[in-house]
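Under numbering that gives the first Met the number 0, the first residue of the first sequence is numbered 0, with each subsequent residue one higher. Where is the CB? At the ideal position from N, CA and C, for every residue including glycine. The structure presented is a predicted model; accordingly, all values stated were derived computationally and were not measured. Contents: one structure, followed by commentary.
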Amino acid sequence: MKLNQLYSVVMHPKAPYAFDYSVENPTHYPAPIGDWEPGKMWFTLRWQGQKIGVRFENKGTVDKPAVEVSIYGKKPVEFKELLSEIAYRYEWNNSDAEFYNKFGNDSILKPLIEKYRGMHGFCGEELYDFIMITIFLQNTTAKRTAQMTRVMLEKYGTLLEFDGKKLYCFWSPEELVDVPEQDLRDLKVGYRAKSFLRVSKDFVDGHIDEVELRKLNTDDLRTDLLKIYGIGPASVMYALGGPFKRAVIDVIPPWEAKIYSKLLFNRDGASAEESMKELDRRYGKYKPSAIHFLFMDLAWKHRAERMKDMEKLLPFN
DNA sequence: CATCAGGGCCCTG
DNA sequence: CAGGGCCCTGAT
0 MKLNQLYSVV MHPKAPYAFD YSVENPTHYP APIGDWEPGK MWFTLRWQGQ
50 KIGVRFENKG TVDKPAVEVS IYGKKPVEFK ELLSEIAYRY EWNNSDAEFY
100 NKFGNDSILK PLIEKYRGMH GFCGEELYDF IMITIFLQNT TAKRTAQMTR
150 VMLEKYGTLL EFDGKKLYCF WSPEELVDVP EQDLRDLKVG YRAKSFLRVS
200 KDFVDGHIDE VELRKLNTDD LRTDLLKIYG IGPASVMYAL GGPFKRAVID
250 VIPPWEAKIY SKLLFNRDGA SAEESMKELD RRYGKYKPSA IHFLFMDLAW
300 KHRAERMKDM EKLLPFN
């Protein structure tokens, strides 16, 4: 589906804002739903029933941020509301000022804060898409996750063409809900087929309403998210930090425990409990921010240098 | 060739 | 609250 450029405007995220570190995350598994190069980002979303292409171009600096946002689609949309949603998803109004203040001189974090200053959290996906992704991620390797995602997008997603890019837009819950479970299983997604369908039905029936969920306090939100079929503690933690911008670290999944062991103790075999204790001791309530910097540093370094001792531990590139 | 864990979660006892 | 089962793949 070929899209036309509908709007273009320059926006100003809250400073400091480091564009590349705030739109690209090397720990995310490769999926043909977005594309990045230094200073530019392309991605897709659904808005008011339309499939939309979005392009960011960095036009500013860390201390004088400016991002040109271009919207591609078939027909006009409520542009202002869309911009405000994008600002929410990319956390343009957030800032880690308190964290910078508190840990700017910390022996470990100081160099990271210097290098990544202005890195905002972000999650370009809406809740439904994000849940689909966490289901793809469960109990498998990153490679098969990428494979399953690609096959599902080819069959049920929509290929959008805009600004010279071809990127898939996720299917809507309505587009998937009536697909027979066996059709999904034929795509080798295994038992995940059942979760995809039950989640889709909950969205179609209005039992899951992202806008309403955003209004809840974090504890109630966690409780409600845990009720979603196929979504457990690990997925909930990721969702709290992603679509809901409530970064928490309340569980350490096994694959992360291996990385934390290296990161915190520079050795293998530290348990999740040990690492959690150490995180609390060092960073207290700032541990999500600290982990954000530690993890992103590892990810960007690994992408650049392919660190040998991390090759087995890091499922990302 | 068989076995098994991998960016969990559901269900049962 | 612990433990078995789940789809499929590639590593061993």
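Nearest-angstrom Cα separation, counted from residue j out to residue i
{"i": "Ser-318", "j": "Glu-36", "result": "For residue 318 there is no data in the structure shown, the boundaries of the chain being 0 and 316."}
{"i": "Leu-220", "j": "His-291", "result": "22 Å"}
{"i": "Tyr-282", "j": "Ala-269", "result": "18 Å"}
{"i": "Trp-91", "j": "Ile-51", "result": "20 Å"}
{"i": "Pro-25", "j": "His-206", "result": "33 Å"}
{"i": "Leu-212", "j": "Tyr-259", "result": "31 Å"}
{"i": "Glu-56", "j": "Gln-146", "result": "29 Å"}
{"i": "Ala-303", "j": "Arg-197", "result": "40 Å"}
{"i": "Leu-313", "j": "Gln-137", "result": "16 Å"}
{"i": "Glu-80", "j": "Asp-308", "result": "46 Å"}
{"i": "Arg-149", "j": "Asp-34", "result": "15 Å"}
{"i": "Asp-62", "j": "Leu-126", "result": "31 Å"}
{"i": "Asn-104", "j": "Pro-31", "result": "40 Å"}
{"i": "Lys-244", "j": "Ser-94", "result": "12 Å"}
{"i": "Thr-157", "j": "Glu-272", "result": "43 Å"}
{"i": "Ala-17", "j": "Ile-130", "result": "27 Å"}
{"i": "Asp-267", "j": "Glu-160", "result": "45 Å"}
{"i": "Pro-242", "j": "Ser-106", "result": "32 Å"}
{"i": "Ile-230", "j": "Phe-202", "result": "14 Å"}
{"i": "Lys-249", "j": "Glu-255", "result": "For the sequence presented, residue 249 should be read as Asp rather than Lys. Rounded to whole angstroms, Asp-249 to Glu-255 spans 12 Å at the Cα level."}
{"i": "Arg-54", "j": "Val-76", "result": "16 Å"}
{"i": "Phe-315", "j": "Asp-19", "result": "17 Å"}
{"i": "Ala-96", "j": "Gly-38", "result": "24 Å"}
{"i": "Leu-186", "j": "Asp-204", "result": "25 Å"}
{"i": "Leu-317", "j": "Phe-195", "result": "In the structure as shown, the chain starts at 0 and stops at 316, and residue 317 therefore has no counterpart that could be examined."}
{"i": "Gly-72", "j": "Thr-217", "result": "34 Å"}
{"i": "Leu-175", "j": "Tyr-190", "result": "16 Å"}
{"i": "Val-188", "j": "Met-40", "result": "29 Å"}
Nearest-angstrom Cβ-Cβ length linking residue i and residue j, presumed shorter than 8 Å
{"i": "Cys-326", "j": "Arg-45", "result": "Nothing in the structure corresponds to residue 326, since the chain is present only between 0 and 316."}
{"i": "Pro-252", "j": "Ala-233", "result": "5 Å"}
{"i": "Arg-116", "j": "Pro-15", "result": "5 Å"}
{"i": "Glu-180", "j": "Lys-200", "result": "With 8 Å as the limit, Glu-180 and Lys-200 do not qualify as a contact, their Cβ atoms being about 12 Å apart."}
{"i": "Thr-144", "j": "Tyr-228", "result": "About 19 Å separates the two Cβ atoms, so there is no contact after all."}
First through last residue of the alpha helix (DSSP H) which encompasses residue i
{"i": "Ile-107", "result": "Per DSSP, Ile-107 belongs to no alpha helix (DSSP H) and is neither H nor E."}
{"i": "Lys-165", "result": "Lys-165 -> not in any alpha helix (DSSP H); beta strand (DSSP E) instead, spanning 164-168."}
{"i": "Ser-325", "result": "Residue 325 lies beyond the range of the chain shown here (0 to 316); nothing can be said about it."}
{"i": "Val-150", "result": "141-155"}
{"i": "Arg-45", "result": "Careful: Arg-45 lies outside any alpha helix (DSSP H), inside the beta strand (DSSP E) at 39-46."}
{"i": "Phe-102", "result": "96-102"}
{"i": "Val-235", "result": "232-240"}
{"i": "Leu-278", "result": "271-282"}
{"i": "Glu-342", "result": "Not covered by the structure: residue 342. The range shown for the chain is 0 to 316."}
{"i": "Glu-211", "result": "209-212"}
{"i": "Lys-219", "result": "A small correction: the amino acid at residue 219 is Asp; Lys does not occupy that position in the sequence shown. Note, Asp-219: alpha helix (DSSP H), 217-225."}
{"i": "Val-22", "result": "Per DSSP, Val-22 belongs to no alpha helix (DSSP H) and is neither H nor E."}
{"i": "Glu-317", "result": "This structure cannot speak to residue 317, because the chain is shown only from 0 to 316."}
{"i": "Ser-171", "result": "That residue, Ser-171, is in no alpha helix (DSSP H); it is neither H nor E in DSSP."}
{"i": "Lys-193", "result": "191-203"}
{"i": "Arg-184", "result": "180-184"}
Assigned exposure category for residue i - 16 Cβ within 10 Å defines buried
{"i": "Leu-225", "result": "exposed"}
{"i": "Glu-310", "result": "exposed"}
{"i": "Lys-142", "result": "exposed"}
{"i": "Phe-135", "result": "buried"}
{"i": "Phe-264", "result": "exposed"}
{"i": "Glu-23", "result": "buried"}
{"i": "Pro-110", "result": "exposed"}
{"i": "Arg-280", "result": "exposed"}
{"i": "Thr-323", "result": "With the chain represented from 0 up to 316, any question about residue 323 goes unanswered, as that position is not in the structure."}
{"i": "Arg-305", "result": "exposed"}
{"i": "Ser-171", "result": "buried"}
{"i": "Ala-289", "result": "buried"}
{"i": "Met-0", "result": "exposed"}
{"i": "Gly-163", "result": "exposed"}
{"i": "Lys-214", "result": "exposed"}
{"i": "Asp-182", "result": "exposed"}
Boundaries (first-last residue) of the beta strand (DSSP E) holding residue i
{"i": "Asp-34", "result": "33-36"}
{"i": "Leu-262", "result": "Segment: none, Leu-262 is in no beta strand (DSSP E) and carries neither H nor E."}
{"i": "Tyr-127", "result": "Tyr-127 -> not in any beta strand (DSSP E); alpha helix (DSSP H) instead, spanning 126-136."}
{"i": "Lys-50", "result": "49-57"}
{"i": "Tyr-6", "result": "3-10"}
Check whether the region 63-78 touches the region 2-12, counting contact only when three or more Cβ pairs, one atom from each stretch, lie closer than 8 Å. yes
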